[in-house]
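Protein chains in written order, with our numbering: chain A, 1 to 162; chain B, 163 to 324.
Quick notes on the structure that follows.
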C-alpha cells in the first residue's frame, strides 16, 4: 500500500471540543464562528484570498476512530458504504467543508459556518469558485430525502475513536 | 512540522498523461471520460454511491513541482497567493474535483468531466451534496472576471516538477 506523507499547515479553533453534540455539516453551523491559525511560514500564500467569500477547507478528522467501510450516518437509520457518506471513519480520514471567510489578519482567518472539531489539522485552503465547484443536474441518492435534517441534526459519539 | 501519513486508495486513469495541454478544471473537460480504479479492498465502501450523480474526488497532484507561495495561475497574468488559486504547487499538493459519476462496476468507477492527470493517486471519494457543498452569496475575488475562460483554457508547463 503506497503511503503519502503530508503535513499540517495550520489548525482550526472552533467551539466544538467533543465529537458528539456538534453540527454535522456547515448547514447546521449557521453563524458559528471559528478561526484557522495558519503556520506563519505560509502567510504569503494568503494574498488575494480575502476577495473570496467562501473557502474550501481540507482537514483531518483527527479524532475519528478506525475506518469502517459500512456506516450508519447521522442522517439515516440504514448503513451505507462509507464513500456514499460524509462520515469521518474513512480509509483516509479527510474532511471537506465549505465555509464563509469573514476576514484575514496576518496568519489568522476568521471563518463562519464552522462544523469542525477544535484542533483539527488543516491540509489545504482553496478558493470556492462556483464555475469549478457547482455542477448541474445533481442527484443525491439516499440523501435526497434526508438532507433537510442537516440544519438541526447533531452528532453523537458513533464516530469517536474511543 | 507535524507530518500526516495517508495512503493511496485508488488511481485515476485519464487521457491526460502530461501536465501541459490539459483542461484546467472539470468545466474545461466536458464529456471527457476516465476511470477511478479503487483498491479492491475498499469495494464495500462504494455501496449506494451509484445513487449520486456527482462525486468529490480528493487526489494528489503527483507531478506538481516544489510548492510556491505566489503563483501566476492559468487564468490570469498576475501572481496571487497559492491559497487564492487552484494551482497544483501547493504546500500539500492536494487536488479537488467534482466530477460526474457514470457507473460503478466492481472496483471501477467510470467518470465524466475529468481534468486530472493519468496516474493521479486518489485519497478520498465523497458524495456531492448541494445542501452541504453549495453556499449562497458567493464572491470570487480576482477570478470573478476570469472564470468564463475556464472552458477553453489549457494548461502549460508552469507547474511541472521538471
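Backbone N, C-alpha and C fix where the C-beta goes; we use that ideal spot for every residue, glycine too.
Taking 8 Å as the threshold (C-beta atoms), are residue j and residue i in contact?
i	j	result
residue 127(A)	residue 246(B)	yes
residue 218(B)	residue 260(B)	yes
residue 49(A)	residue 123(A)	no
residue 173(B)	residue 281(B)	yes
residue 96(A)	residue 58(A)	yes
When you compare only the Cα positions, how much space is there between residue i and residue j?
i	j	result
residue 3(A)	residue 208(B)	21 Å
residue 185(B)	residue 81(A)	31 Å
residue 278(B)	residue 176(B)	7 Å
residue 206(B)	residue 75(A)	20 Å
residue 33(A)	residue 54(A)	13 Å
residue 8(A)	residue 167(B)	11 Å
residue 291(B)	residue 213(B)	12 Å
residue 256(B)	residue 140(A)	25 Å
residue 297(B)	residue 307(B)	20 Å
residue 158(A)	residue 320(B)	45 Å
residue 30(A)	residue 305(B)	26 Å
residue 133(A)	residue 299(B)	14 Å
residue 156(A)	residue 121(A)	21 Å
residue 227(B)	residue 322(B)	5 Å
residue 325(B)	residue 273(B)	Any answer about residue 325(B) is impossible in this case: the structure gives chain B only from 163 up to 324.
residue 293(B)	residue 154(A)	16 Å
residue 224(B)	residue 271(B)	20 Å
residue 35(A)	residue 79(A)	34 Å
residue 269(B)	residue 77(A)	26 Å
Between residue i and chain A, is there a C-beta pair that is closer than 8 Å?
i	result
residue 228(B)	no
residue 307(B)	no
residue 178(B)	no
residue 302(B)	yes
residue 209(B)	yes
residue 221(B)	no
residue 280(B)	no
residue 269(B)	no
residue 231(B)	yes
residue 130(B)	For residue 130(B) there is no data in the structure shown, the boundaries of chain B being 163 and 324.
residue 215(B)	yes
residue 164(B)	yes
residue 272(B)	no
residue 253(B)	yes
residue 283(B)	yes
residue 206(B)	yes
residue 248(B)	yes
Under the criterion of a Cβ to heavy atom distance below 7 Å, does residue i qualify as lining the ligand NAD?
i	result
residue 43(A)	Although the ligand NAD was asked about, the structure shown includes no ligands whatsoever.
At the 8 Å Cβ level, is residue i part of the contact set with chain B, yes or no?
i	result
residue 9(A)	yes
residue 160(A)	no
residue 135(A)	yes
residue 81(A)	yes
residue 129(A)	yes
residue 157(A)	no
residue 20(A)	no
residue 96(A)	yes
residue 125(A)	yes
residue 114(A)	no
residue 56(A)	yes
residue 5(A)	yes
residue 40(A)	no
residue 33(A)	no
residue 100(A)	yes
residue 13(A)	no
**OP:** Decide yes or no for the touch test of the stretch 56-70 of chain A against the stretch 263-271 of chain B: beta carbon pairs closer than 8 Å, at least 3 of them.
**Re:** Result no; under three Cβ-Cβ pairs closer than 8 Å.
**OP:** Could you say if the stretch 192-205 of chain B and the stretch 250-260 of chain B meet the contact criterion of at least three C-beta pairs nearer than 8 Å?
**Re:** Output reads no: the stretch 250-260 of chain B does not touch the stretch 192-205 of chain B.
Original post:
Whole alpha helix (DSSP H) runs in the stretch 120-145 of chain A with 4 or more residues, listed along the chain?
Top reply: Runs of the alpha helix (DSSP H) spanning 4 or more residues and lying entirely within the stretch 120-145 of chain A occur at 130-133, in chain order.
**OP:** With a floor of 3 residues, list each beta strand (DSSP E) that falls wholly inside the stretch 196-264 of chain B, ordered by position along the chain.
**Re:** Every beta strand (DSSP E) stretch that sits fully inside the stretch 196-264 of chain B and reaches 3 residues is listed by chain position as 216-222.
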